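Following: one structure in structure tokens, then a few remarks.
There are 2 protein chains.
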Amino acid sequence: MKDMSDFEARLHRIGAERYHDKHPFHILLHSGGCTIDQVRAWVINRYYYQSRIPMKDAAFISRVTDPALRREWRSRIEDHDGRAPGEGGIARWLKLAEGVGLDPDYVASERGILPATKFAVDAYVHFVREQPLLPAMASSLTELFAPEIHKTRIAGLLKHYDFANPDTIAYFEHRLSEAPKDVEFGLDWVKAHAVTEADQDAAANALIFKTEVLWAQLDALYSAYVAPGRIPPGGWQPNEGLL
Amino acid sequence: MKDMSDFEARLHRIGAERYHDKHPFHILLHSGGCTIDQVRAWVINRYYYQSRIPMKDAAFISRVTDPALRREWRSRIEDHDGRAPGEGGIARWLKLAEGVGLDPDYVASERGILPATKFAVDAYVHFVREQPLLPAMASSLTELFAPEIHKTRIAGLLKHYDFANPDTIAYFEHRLSEAPKDVEFGLDWVKAHAVTEADQDAAANALIFKTEVLWAQLDALYSAYVAPGRIPPGGWQPNEGLL
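Protein sequence lines correspond, in order, to chains A and B.
In terms of full-length UniProt numbering, the first sequence is residues 1 to 243.
In terms of full-length UniProt numbering, the second sequence is residues 1 to 243.
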């Protein structure tokens, strides 16, 4: 963290301590330790997160009075929703769903998603809708840590799982180019606007909150499908939604 | 209204009875009866409406779980905010501001806007943020009536005002091609989703609400700058913000 401001270093420490790359579910996933059903459960639940990101970004834009900032942020929605049917990150996630043997229509129907996944993700959307712009934007800065986990994931999936090929995991390759441009803008904006100590605390706390949103999703997944493996009522059952 | 459903005819009647093409300020504006200061007051106040439309549309998108509907609606934000600095409807509105002798930075600063303009426009943003999707979308259907007023306005401005030329009034020409595609989609969606009588009432009431939002802005403008011409505290004074 040489040449970083104290504030930027603080944000990076939050990632080092709390980002979900260190969650046991991800370690299992990336090292080839997941059963196909555990991978499927991850794909189904993570779909909910993917699907809510553009809504979160639209909630942000809806509160921005500066056309230039709105325009900058709109590209995130475009990355996820695409410019035509079948394009964009959500469509690529459904390619992954197909690749692991799930009916993409089942996944898109949002059936079987763990309630705890929804609570965590909805908390993120509400946070961005309701908090001041600075913490709302700062909560996106987990993207600082995303390229590393995506690289690990791409390598791990390709090495360990038959379903993994450039087509099925295209989502992650795209994020490798999309996330850095987004986070560069976001980090510059947050650094420029987090002037007071109170601002910097608010931004850091927003980033902590976001790491909690990510971590809680994996805890719920682990509990339901790894250990103890107790699927809550309404949660996806391994024979549902298959191709 | 031949061949229309009763519901569609009901929506059209709302326009015939309540749309702001019939407001005395617009009749004055389009017939060449406005002083340049009255035109400037209109440009300054209407800027606030223009600037909030993309926020309103983002608020709508933030509540839509269907990527296809989000994608369709996103084009509205793009129409207003553009794809690069200097593009889009808001930039074109600032061209009009320059054309009538106003400093576009002054107009974009949102100083001098009548409080009543803000209250009406903010009520629209809140409505779309808070109401169910059907009335939220139905409130946009004043676009059904927009092409007619834009044609009248283009002809009236070109005929009566020295500032009017294809460059300064480009905003309205663009809306002539943008609004019809938007309203065709919106009307189809509203007709498909307003199934029950209660749904149709909600949609019709949303459209009535929107006509009230538009009308109230012109009443405030008329009161401040035409008759009685009593500019409220904080309202634009005719010597402010000039080029």
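Note that the Cβ used here is the ideal one computed from N, Cα and C, for glycine as well.
Predicted model only: the values in this text are computed from it and were never measured.
DSSP places L114(A) outside both helix and strand once states are collapsed to three, so it counts as coil. For the segment 34-60 of chain A, the beta-carbon criterion of a distance under 9 Å to any beta-carbon of chain B is satisfied by S51, R52, P54, M55, K56, D57, A58, A59, F60. Taking 9 Å as the threshold, the shortest C-beta distance from A68(B) to chain A falls below it. Between S62(B) and chain A, the shortest Cβ-Cβ separation is below 9 Å. K159(A) and G32(A) have their C-alpha atoms spaced approximately 8 Å apart. In the structure shown, the three-state DSSP call for L243(B) is coil. Among the residues facing chain A, E110(B) is included, as its CB has a counterpart in that chain under 9 Å away. Listed in chain order, the non-local C-beta contacts of R92(B) below 7 Å within the same chain comprise A170, Y171, H174, local neighbours out to five positions each way being set aside. Between the alpha carbons of W236(A) and L218(A) lies a distance of about 15 Å. Residues of chain A whose Cβ lies closer than 8 Å to the Cβ of G82(B) are, in chain order, P67, R71. L102(A) is bridged by DSSP to L242(A). The residue among L221(A), P232(A), P228(A) with its C-alpha nearest the C-alpha of A41(A) is L221(A). CA-to-CA, the gap between R153(A) and H30(A) works out to about 5 Å. DSSP, reduced to helix, strand and coil, places G32(B) outside both helices and strands of the structure shown, so it counts as coil. What P85(A) touches in chain B, judged by beta-carbon distance under 9 Å, is P67, A68, R71, going in chain order. Sixteen is the threshold: when 16 or more other Cβ atoms of the shown chains lie within 10 Å of the Cβ of V107(B), as they do, the residue is buried. The C-beta of A136(B) comes no closer than 9 Å to any C-beta of chain A.
Taking a cut-off of 8 Å for Cβ pairs, the segment 95-104 of chain A and the segment 96-116 of chain B do not touch, as fewer than three such pairs fall below it. Put simply, the backbone Cα of T196(A) is about 33 Å away from that of L114(B). Contact annotation for I77(B) against chain A: A58, I61, R70, R71, R74, I77 [CB-CB distance below 9 Å, chain order]. In its chain, beyond the 5 residues on either side, L11, V183, G186, L187, V190, L207 have a beta carbon closer than 7 Å to the beta carbon of L141(B). Residues of chain B whose Cβ lies closer than 8 Å to the Cβ of R129(A) are, in chain order, S62. F145(A) is the residue among F127(A), G88(A), F145(A), N165(A) whose C-alpha sits nearest the C-alpha of E17(A).
Contact with chain A is found for I90(B), since one of that chain's Cβ atoms lies less than 9 Å from the residue's Cβ. Here P67(A) carries a helix assignment [DSSP, helix/strand/coil]. The beta-carbon separation of V39(B) and Y161(B), rounded to 7 Å, stays under the 8 Å limit for a contact. Straight across, the Cα-Cα distance linking Y49(B) with P67(A) is about 13 Å. In the three-state reduction of the DSSP assignment, R230(A) falls in the coil class, being assigned neither a helical nor a strand state. Counting along the chain, the unbroken alpha helix (DSSP H) around L158(B) starts and ends at 146-160. For the set D81(A), R71(A), V226(A), I149(A), the Cα lying nearest the Cα of F25(A) is the one of V226(A).
A179(A) sits away from I61(B), with the two beta carbons spaced by 9 Å or more.
Between V195(A) and chain B, the shortest Cβ-Cβ separation is not below 9 Å.
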